[in-house]
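Visitor: Have a look at the structure that comes next, please.
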Amino acid sequence: MPIPDPIAIRHGDRLALSRALTAVENNQPESRELLSALFPFTGQAHLIGITGAPGTGKSTLVNQLAKNLRREGHPDHPPQVAIIAVDPSSPFSGGALLGDRIRMADLAGDESIFIRSMASRGALGGLAHSTASFVTLLDSAGFDLIIIETVGAGQAEVDIASLAHTVLVVEAPGLGDDIQAIKAGILEIADIIVVNKADRPGADNTARALRVMLEMAQSQTSGPQGKHISKDPCVPSTSAKPATAAWDPPVHTIVATEGKGVQAVIEDIQRHARYLKGSGLWRQKEATRLRRDLEALIRDTLVNQWQQRRDQDQFEQVLADVIQRKYSPVEAVEKLL
Amino acid sequence: MTEKTIRVLIAKPGLDGHDRGAKVVARALRDAGMEVIYTGLRQTPDMIAEAALQEDVDVVGLSILSGAHNALVPAVMEKLRQSGLSDVKVFVGGIIPKPDIPNLLSLGVYAVYGPGTNTQTVIEDIHQATHKPTD
């Protein structure tokens with residue numbers, strides 16, 4: 001397959017874009033060159049992450065968000081929306097059933113919406129390894145909003161927090177008591193919390209428990225802003241606190257299948273973007289993300305380089321010595337590197 | 001690592017009310033290591049071609065029980081061609097009377113499967129259809 005043309009991608013050639021996504025996903029050598037050529041044109045899009053447990057209604061919410069976001073902005077230039085929907089790969093066969101499009105049938109026929117399903121291919125953080133590169137391609141292709149729907153996530157799948165500008169955590173009534181809400185993990189990364197299926201009993205209780213939990217968090221710390229940035233050892237924690245007021249994650253109750261409450265969520269997504277830009281956090285998130293990407297790339301490159309030049313016989317010999325307890329694994333590493 | 005995972009779109013054009021067969025095939029292909037995109041019921045030929053383009057699939061499987069295959073299949077093939085997807089392989093499954101099969105094959109469909117087809121046959125045919133000759 002020929003390398004997709006970067007100029008065609010920037011000019012909105014959807015087939016070229018789609019083929020480029022495949023090349024990146026399969027880690028074809030030419031795709032690195034392509035990503036480098038397109039990188040200067042990125043940094044424009046608002047990246048919106050949608051996460052939450054399986055069955056809470058993430059895909060249905062994405063369908064509503066995309067449909068309604070298309071009506072925002074200038075009527076002559078409504079925003080272009082891309083959706084990356086990640087579903088899990090089978091750990092046994094490596095195959096995947098990607099069913100998020102079923103809930104997004106309303107979006108078919110709108111040429112300014114591009115939906116791509118993605119299998120996680122063994123990655124564990126709720127995204128796939130190449131999701132960030134997908135964002136690079138879609139951003140350079142001129143999409144104003146990129147919605148990233150994660151794998152149905154429980155408590156540890158928080159990679160989306162370092163990729164997206166705005167993270168929505170979708171909850172539904174009846175998934176657990178308020179202790180679930182206090183546990184560490186997915187709620188800590190929420191910029192906006194959405195309680196879906198508000199027509200079911202218990203939705204108000206769920207929303208109330210979440211609000212109480214958020215108030216507790218705020219009374220103990222100076223605020224949730226920069227919460228997943230200040231933990232980064234490379235960023236001094238003082239610089240993570242902007243001069244402006246803290247962002248209090250709002251809790252919305254919605255019925256996604258009917259579109260009820262969705263407009264208020266959209267207004268908060270836009271308010272969050274303004275907040276990030278006004279407080280300087282937008283740039284800071286970007287810097288943190290690129291730092292992580294760069295570090296990960298260096299790590300992968302060094303490992304590859306080492307694997308290419310390692311002496312297999314020496315490696316097997318040292319391994320045999322480790323098995324016989326002649327040296328510890330730590331000493332073995334010193335011998336091999 | 002540059003191994004290529006086969007991506008398949010399973011689509012139901014037309015007004016069929018149930019999709020059990022499509023789900024059985026989707027599940028079997030998943031278990032064979034393929035990435036299967038399932039779009040649900042009542043898809044138009046336009047929607048199918050657009051999904052095939054956005055998802056960059058290697059294969060499209062059309063499940064048709066309604067008897068409208070002689071209208072739907074040519075429409076889907078034409079939309080795929082217009083979208084620049086002539087290289088995408090297409091198979092059809094469902095209730096297709098024998099006399100109609102040669103016509104579907106002449107449109108470029110590589111296989112037509114009726115009730116009782118072994119899913120292993122479907123899998124092997126996909127591997128064969130997507131095997132790219134070394135050029």
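If you're matching them up, the sequences are chains A and B in order. Quick note: the first sequence uses our numbering, first residue 1, plus one each step. Quick note: the second sequence uses our numbering, first residue 1, plus one each step. Built from N, CA and C at the ideal position, the CB exists for glycine as well.
Pick out whichever of A/Q270, A/D100, A/V212 has its Cα sitting closest to the Cα of A/G342.
Guide: A question about residue 342 of chain A goes unanswered here, because the residues of chain A that appear run from 1 up to 337.
Visitor: Per the contact definition of three or more C-beta pairs closer than 8 Å, is the region 147 to 161 of chain A in contact with the region 44 to 54 of chain A?
Guide: Segments in contact, yes.
Visitor: Do A/V169 and A/A190 have their C-beta atoms closer together than 8 Å?
Guide: Numbered from its first residue, the first sequence carries residue 169 of chain A at position 169. Numbered from its first residue, the first sequence carries residue 190 of chain A at position 190. Closer than 8 Å, so yes.
Visitor: Starting from B/S86, trace the alpha helix (DSSP H) in both directions and tell me its first and last residue.
Guide: Along the second sequence, read from residue 1 onward, the residue named residue 86 of chain B stands at position 86. First-last for B/S86: undefined, no H or E at that position.
Visitor: Could you work out which residue in A/V322, A/A203, A/L69 is closest to A/Q80 when comparing CA atoms only?
Guide: Sequence index remark: in the first sequence, residue 80 of chain A carries index 80 (1-based). Looking at the Cα atoms, A/L69 is the closest of the given residues.
Visitor: Can you tell me where the beta strand (DSSP E) with A/S140 in it begins and where it stops?
Guide: Taking the first residue of the first sequence as 1, we reach residue 140 of chain A at position 140. Counting along the chain, A/S140 falls outside any beta strand (DSSP E), though it belongs to the alpha helix (DSSP H) covering 131 to 140.
Visitor: If the cut is a Cβ gap below 8 Å, which residues of chain B does A/L18 touch?
Guide: Taking the first residue of the first sequence as 1, we reach residue 18 of chain A at position 18. At residue 18 of chain A the sequence reads Ser, which differs from the Leu that was named. Here the neighbours are L53, Q54, E55, D56.
Visitor: Three-state secondary structure (DSSP) at B/P13?
Guide: As a position in the second sequence, residue 13 of chain B is number 13, starting the count at 1. Reduced to three states, the DSSP call for B/P13 is strand.
Visitor: On the CB-based measure, 16 or more other CB atoms within 10 Å of its CB, does A/Q225 come out buried or exposed?
Guide: As a position in the first sequence, residue 225 of chain A is number 225, starting the count at 1. The pLDDT assigned to A/Q225 is 47, lower than 50, so where the model puts this residue is not dependable; a value taken from the coordinates is nonetheless given after this. The residue is buried, with at least 16 neighbouring Cβ atoms inside 10 Å.
Visitor: Would you list the residues sitting across from A/D87 in a DSSP beta bridge?
Guide: Here the question's residue 87 of chain A lines up with position 87 in the first sequence. According to DSSP, A/D87 bridges with A/A119.
Visitor: Is the Cβ-Cβ distance between B/V8 and B/G61 less than 8 Å?
Guide: Translated into the one-based positions of the second sequence, residue 8 of chain B becomes position 8. Translated into the one-based positions of the second sequence, residue 61 of chain B becomes position 61. Yes.
Visitor: Which residues in the same chain as A/Q64 place their Cβ atom closer than 6 Å to its Cβ, once the five residues preceding and following it in sequence are excluded?
Guide: Your numbering for residue 64 of chain A matches position 64 in the first sequence. So the list reads A256, G259, V262, once near-sequence residues are dropped.
Visitor: Check whether the Cβ atoms of B/I64 and B/D16 sit closer than 8 Å, and answer yes or no.
Guide: Indexing the second sequence from 1 puts residue 64 of chain B at position 64. Indexing the second sequence from 1 puts residue 16 of chain B at position 16. Cβ distance < 8 Å, so B/I64 and B/D16 count as in contact.
Visitor: With 16 as the cutoff for other CB atoms within 10 Å, does A/S140 come out buried or exposed?
Guide: Translated into positions along the first sequence, residue 140 of chain A becomes position 140. Answer is buried; the Cβ neighbour count reaches 16.
Visitor: Please identify, using Cβ separations under 9 Å, the residues of the region 120 to 144 of chain A that lie next to chain C, in order along the chain.
Guide: As a matter of chain content, chain C is missing from the structure shown, whose protein chains are A and B.
Visitor: Quick one: what's got a C-beta closer than 7 Å to B/G108's C-beta in the same chain, skipping five residues either side?
Guide: For the purposes of this step, residue 108 of chain B is identified with residue 108 of the second sequence, where counting begins at 1. Correct list, in chain order: M77, V90.
Visitor: List the residues of chain A that B/A26 touches, going by C-beta distances under 9 Å, in chain order.
Guide: Walking along the second sequence from the start, residue 26 of chain B turns up at place 26. What B/A26 touches in chain A: L97, G99.
Visitor: How would you list, in chain order, the residues of chain B whose beta-carbon sits under 8 Å from the beta-carbon of A/I102?
Guide: Working through the first sequence from its first residue, we reach residue 102 of chain A at position 102. What A/I102 touches in chain B: Y38, T39, G40.
Visitor: Taking all protein chains shown into account, do 16 or more other C-beta atoms lie within 10 angstroms of the C-beta of A/L336, making it buried, or fewer, making it exposed?
Guide: To locate residue 336 of chain A, count along the first sequence from 1; it is residue 336. By the 10 Å Cβ count, A/L336 comes out exposed.
Visitor: Using 8 Å as the threshold, is the C-beta distance between A/L61 and A/N196 below it?
Guide: Locating residue 61 of chain A in the first sequence gives position 61, counting from the first residue. Locating residue 196 of chain A in the first sequence gives position 196, counting from the first residue. Cβ atoms of A/L61 and A/N196: closer than 8 Å.
Visitor: With a cut-off of 8 Å on the beta carbons, I'd call B/A32 and B/I10 a contact; round off their distance for me.
Guide: Numbered from 1 along the second sequence, position 32 holds the residue referred to as residue 32 of chain B. Numbered from 1 along the second sequence, position 10 holds the residue referred to as residue 10 of chain B. The pair is not a contact, with the Cβ atoms about 13 Å apart (cut-off 8 Å).
Visitor: Would A/I102 pass as a contact of B/T44 if the rule is Cβ separation under 8 Å?
Guide: Translated into positions along the first sequence, residue 102 of chain A becomes position 102. Translated into positions along the second sequence, residue 44 of chain B becomes position 44. Contact flag unset, no.
Visitor: Here's a check: name, in chain order, each residue in its chain whose Cβ is nearer than 8 Å to the Cβ of A/A23, leaving out the five neighbours to either side.
Guide: Counted from its first residue, the first sequence places residue 23 of chain A at position 23. Only M1, I3, P4, E30, S31, L34 meet the Cβ criterion.
Visitor: Taking A/S120 as the reference, which of A/D313, A/S93, A/L175 has the closest Cα?
Guide: Locating residue 120 of chain A in the first sequence gives position 120, where the first residue counts as 1. Out of A/D313, A/S93, A/L175, A/S93 has the C-alpha closest to the C-alpha of A/S120.
Visitor: What are the partner residues of A/T51, as DSSP defines its beta bridges?
Guide: Looking up residue 51 of chain A in the first sequence gives position 51. Bridge partners of A/T51: A/V169.
Visitor: Hey, could you find the ends of the alpha helix (DSSP H) A/A23 is sitting in?
Guide: For this step, residue 23 of chain A is matched to residue 23 along the first sequence. Start and end: 14 to 25.
Visitor: Determine the direct distance from the alpha carbon of A/V330 to that of A/D354, and round the result to whole angstroms.
Guide: As shown, chain A starts at 1 and ends at 337. That puts residue 354 of chain A outside it, with no answer to give.
Visitor: For the alpha helix (DSSP H) that contains A/Y275, what are its first and last residues?
Guide: Here residue 275 of chain A refers to the residue found at position 275 when the first sequence is read from its first residue. Residues 262 to 279.
Visitor: Which residues, in chain order, does the region 297 to 318 of chain A contribute to contact with chain B at a C-beta distance below 8 Å?
Guide: Cβ contacts with chain B: none found.
Visitor: Below 7 Å on C-beta distance, what does B/G33 contact in chain A?
Guide: For the purposes of this step, residue 33 of chain B is taken as the residue at position 33 of the second sequence. Ordered by position in chain A, the residues that pass the 7 Å Cβ test against B/G33 are S93, G94, G95.
Visitor: Counting only Cβ pairs nearer than 8 Å, list the residues of chain A close to B/T29.
Guide: The residue labelled residue 29 of chain B in the question sits at position 29 within the second sequence. Contrary to the premise, residue 29 of chain B reads as Leu rather than Thr in this sequence. Ordered by position in chain A, the residues that pass the 8 Å Cβ test against B/L29 are G95.
Visitor: Excluding five sequence neighbours on each side, which residues of the same chain lie with their C-beta closer than 8 Å to the C-beta of A/P249?
Guide: Working through the first sequence from its first residue, we reach residue 249 of chain A at position 249. Cβ within range, chain order: A190, D191, I192, I193, L214, P224.
Visitor: Is the beta carbon of A/A82 sitting closer than 8 Å to the one on A/F114?
Guide: Along the first sequence, read from residue 1 onward, the residue named residue 82 of chain A stands at position 82. Along the first sequence, read from residue 1 onward, the residue named residue 114 of chain A stands at position 114. Yes, they are a contact pair.
Visitor: Please decide whether A/L35 counts as near chain B, where near means a Cβ-Cβ distance under 8 Å.
Guide: The sequence position of residue 35 of chain A within the first sequence is 35, counting from 1. False, the Cβ-Cβ gap to chain B never drops below 8 Å.
Visitor: Would you call A/S89 buried or exposed, if buried means 16 or more other Cβ atoms sit within 10 Å of its Cβ?
Guide: Taking the first residue of the first sequence as position 1, residue 89 of chain A is located at position 89. When all chains shown are included, A/S89 counts as buried.
Visitor: Give the interface partners of A/E90 over in chain B, defined as CB-CB distance under 9 Å, in chain order.
Guide: Position 90 of the first sequence, counted from the first residue, corresponds to residue 90 of chain A. Per the sequence shown, residue 90 of chain A should be read as Ser rather than Glu. Ordered by position in chain B, the residues that pass the 9 Å Cβ test against A/S90 are R30, D31, G33.
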